[in-house]
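A short write-up of the structure that comes next.
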Amino acid sequence: MKKRSRLGKGFIVIAFWVLGVAILMFTLAQVRDFAGIINDSGVVRGGTQRVVKMELAGRPAPSTEQRVTSLLEKLAENEENRLYKGPETYEFMDNLAAVDSQWKLIEDEIDALHRGEGSAERLLDLSETHFTLADAMVLSAQKRAERDFLVTGAICTVLFLTAATIMLFMRNDRISKLKTAYFTDPLTRRKNMLAFEEQGQQLVSSAPGGTYLVAYTNVLNFRYINETYGYESGDKLILTLARLLDNACRRDELATHGNADHFVLLRNDPQRIEKLHGHIEAKLRATPDLHFTGILSFGCGVCEVEQPSDSIPLLVSNAIAVMKESPDKEGISRYDQVFRNAVELKNRIEQHEDEALANREFQLYLQPKNHLADGALAGAEALVRWNSPKLGFLPPDSFIPLFEKNGFIVQLDFYMLKRVCQTYPMTVPGTGEALVVSVNFSRVTIMREGFIERLLHVVDSARIPHEAIEVEVTESAFVMDEDAVINKLETLKAMGFRLAMDDFGTGYSSLNLLRKLPIDVLKIDRGFLSENTDPSRSRSVLKGVLDMAGDLGLVTVCEGVETEEQASMLRELGCPVAQGYVFSKPLPEGEFRTRYGL
59 MKKRSRLGKG FIVIAFWVLG VAILMFTLAQ VRDFAGIIND SGVVRGGTQR
109 VVKMELAGRP APSTEQRVTS LLEKLAENEE NRLYKGPETY EFMDNLAAVD
159 SQWKLIEDEI DALHRGEGSA ERLLDLSETH FTLADAMVLS AQKRAERDFL
209 VTGAICTVLF LTAATIMLFM RNDRISKLKT AYFTDPLTRR KNMLAFEEQG
259 QQLVSSAPGG TYLVAYTNVL NFRYINETYG YESGDKLILT LARLLDNACR
309 RDELATHGNA DHFVLLRNDP QRIEKLHGHI EAKLRATPDL HFTGILSFGC
359 GVCEVEQPSD SIPLLVSNAI AVMKESPDKE GISRYDQVFR NAVELKNRIE
409 QHEDEALANR EFQLYLQPKN HLADGALAGA EALVRWNSPK LGFLPPDSFI
459 PLFEKNGFIV QLDFYMLKRV CQTYPMTVPG TGEALVVSVN FSRVTIMREG
509 FIERLLHVVD SARIPHEAIE VEVTESAFVM DEDAVINKLE TLKAMGFRLA
559 MDDFGTGYSS LNLLRKLPID VLKIDRGFLS ENTDPSRSRS VLKGVLDMAG
609 DLGLVTVCEG VETEEQASML RELGCPVAQG YVFSKPLPEG EFRTRYGL
């Protein structure tokens, strides 16, 4: 329908232009015609005078006489054939008829003179009268030409102005529609981010600092909804959320759909954001055609507007940053001083990571693994600590996740492997066997091309027996490409390296992985020993895991053992090896050697 309307307006404009051009062409033809009439009228006037003058001089001019007669006939015929005869035309025709009559009288008088009956004086009088009449005819022709030219010009002007007005209206209408489309979200048909930024900036700049906050929220399991219930259901959820968030806005507040499952809000009451999620969830549950509202969860990043000059895009960016960096993806995360400090520390860590590696600021700590039966040393796990002159002493959880994101973890993992190799020779007291040290490798490192070759080069260059190095991986290493990781582990296994799965029990596919993995050691997560769970149920689950590991021929190591009561329970359940503060905290390499006489 809109397309037809646009086409109709276009045809109207074209029709006006065509009509205008036609009238202009007609006007040009008229101008030419009128010019000819005026010229012929002038010739009649002048020719008559010449005929009379020559006649009185005794030198007749029959050719001129014939020309005047033919011009009068031509003028009369043209006027009779004219389609439209206005008052000016009739005036001209009357003058033409008078001139023609007077010309006939002059012709008769000339004939009389030729017969010797005429009067020269009478001929002269007739000529004077004819000149007056012819002059009036010429003037009426000019008057008609001027009048028609003015009328035609006025019509052309009206047509031009009308066409120009329609074109201007169409242009403004098109600009208005383009502007509407420019500021409209294609899915929700409500204001988009551009409109949000423009209107939000106006609201923020006219209010005191602390009045507003920007919230960036998303549906955490939106992909699951799309894949399980279909994209149509996902779109319906977005449309419903857009409507609910819009309805929850006060007059001086805004809400808009960002992209995918993300929404941006501008609120002028910081306390209301706490209640908003509950309000929206209740409204969603009351929506009859959404059958998945029970599984919905939301994450939200909030950034307060501190100054009226604060930039909306920057506020949105800050809200996004705090939402993405929050360890607890569900709920509200605030862009506050605590977060700013964390970001600053992150930036400083990244600035110093290369320098720290070159200066050997990353230190090797070893935490012993002990036999539960007699407490004897069974092995050790290599752990990293960062003792930075500029940043202070940093625990691994303050930099390992960051290094896994920026890729620096690859360099750190192999640096730690080299440090472990440099500690040898270390032998188990009383046996003379090489002490097995487990070295953690990130998923990022394992998936890096040339991982196995680089590991072999480090270990073989230090002349360390392969069986002394235990390659430790977590369940998260199998998330991206399970088969590729398993193939690499099988290759390492065939080369004589020991393999361990760390943090067993923290994921959801551990049992399935156990069926496939070529591991030697299963490290049970400390969560099984948590005091927050039912002791009897935890004991039963732990017993089942230990029995299963024994049936698979795996050595089990229970992590995070902190009390003698926990150690005693593990002995009763048949767990052979434990690691935790009940035996020792992680120790610097030198202190570890001294303590165990290595």
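For the sequence shown, the working numbering gives the first residue as 59, with consecutive numbering after it.
For each residue, glycine too, the CB sits at the ideal point set by N, CA and C.
Kindly give me the distance between the Cβ atoms of residue i and residue j, rounded to whole angstroms, as I take these residues to be in contact under 8 angstroms.
i, j, result
"A436", "Y482", "About 17 angstroms separates the two Cβ atoms, so there is no contact after all."
"G357", "E388", "6 angstroms"
"L610", "L572", "7 angstroms"
"Q329", "L415", "The pair is not a contact, with the Cβ atoms about 47 angstroms apart (cut-off 8 angstroms)."
"H410", "K463", "In fact, because the Cβ distance is near 16 angstroms, the residues do not count as touching under 8 angstroms."
"Q257", "L312", "6 angstroms"
"L430", "R629", "5 angstroms"
"D669", "L557", "Because the chain is modelled from 59 through 656, residue 669 falls outside the range shown and cannot be assessed."
"V516", "K476", "6 angstroms"
"E622", "V640", "6 angstroms"
"C633", "T652", "That belief does not hold up - the Cβ atoms of C633 and T652 are roughly 28 angstroms apart, past 8 angstroms."
Starting from the C-beta of residue i, find all residues in its chain whose C-beta is less than 8 angstroms away, skip the five residues before and the five after it, and write them out in chain order.
i, result
"S596", "F586, L587 and S588"
"S367", "S263"
"L114", "A178, L181 and L182"
"I331", "L271, A273, L323, R325, C358, V360 and I390"
"D561", "T532, E533, K581, D583 and E617"
"D158", "L130 and A134"
"T147", "E137, R140 and R202"
Could you spell out where the alpha helix (DSSP H) holding residue i opens and where it closes?
i, result
"M228", "A178 to Y240"
"T485", "Per DSSP, T485 belongs to no alpha helix (DSSP H) and is neither H nor E."
"Y287", "F280 to Y287"
"K382", "I370 to E383"
"S596", "P593 to D609"
"T147", "P145 to R173"
"A520", "Where A520 is concerned, there is no enclosing alpha helix (DSSP H), given that its DSSP letter is neither H nor E."
"F461", "I458 to N464"
"N545", "E540 to A552"
Residues in the same chain with beta-carbon distance under 6 angstroms from residue i, minus the five sequence neighbours each way, listed in chain order, please.
i, result
"L612", "L580"
"E123", "V109"
"M59", "Any reading at M59 needs caution, since the residue's pLDDT is 48, under 50, leaving its predicted position unreliable; the model's value is listed next. Once the five neighbours on either side are set aside, M59 has no close Cβ partner at all."
"T275", "F321, F356 and C358"
"L372", "none"
"Q421", "R443 and N445"
"N284", "G292"
For residue i, does the three-state DSSP call read helix, strand or coil?
i, result
"C633", "coil"
"L348", "coil"
"A662", "Residue 662 is absent from the structure shown; the chain starts at 59 and stops at 656."
"F356", "strand"
"K249", "strand"
"R117", "coil"
"A436", "strand"
"R392", "strand"
"M505", "coil"
"S588", "coil"
"C307", "coil"
"S367", "coil"
"I577", "coil"
"S99", "helix"
"Y142", "coil"
"N417", "coil"
Once the 5 residues before and after residue i are set aside, which same chain residues still bring their CB inside 7 angstroms of it?
i, result
"Y240", "L252"
"Q107", "S185 and F189"
"L658", "With the chain represented from 59 up to 656, any question about residue 658 goes unanswered, as that position is not in the structure."
"K341", "L302"
"S267", "Checking the sequence, you will find Gly at residue 267 rather than Ser. Within the same chain, G267 has close Cβ partners V363, E364, Q365 and P366."
"F227", "none"
"Q160", "L184, T187, H188 and L191"
Between which two residues does the beta strand (DSSP E) carrying residue i extend?
i, result
"M559", "R556 to F562"
"Q425", "F420 to H429"
"F321", "H320 to R325"
"G450", "G450 to L452"
"T532", "I527 to T532"
"I331", "Careful: I331 lies outside any beta strand (DSSP E), inside the alpha helix (DSSP H) at R330 to R343."
"V495", "V495 to N498"
Pull up the DSSP beta-bridge partners for residue i, would you.
i, result
"C616", "I582 and A636"
"N445", "F451"
"A657", "No answer is possible for residue 657: the residues shown for the chain start at 59 and end at 656."
"L645", "L424"
"Y274", "V322 and G359"
"A492", "T485"
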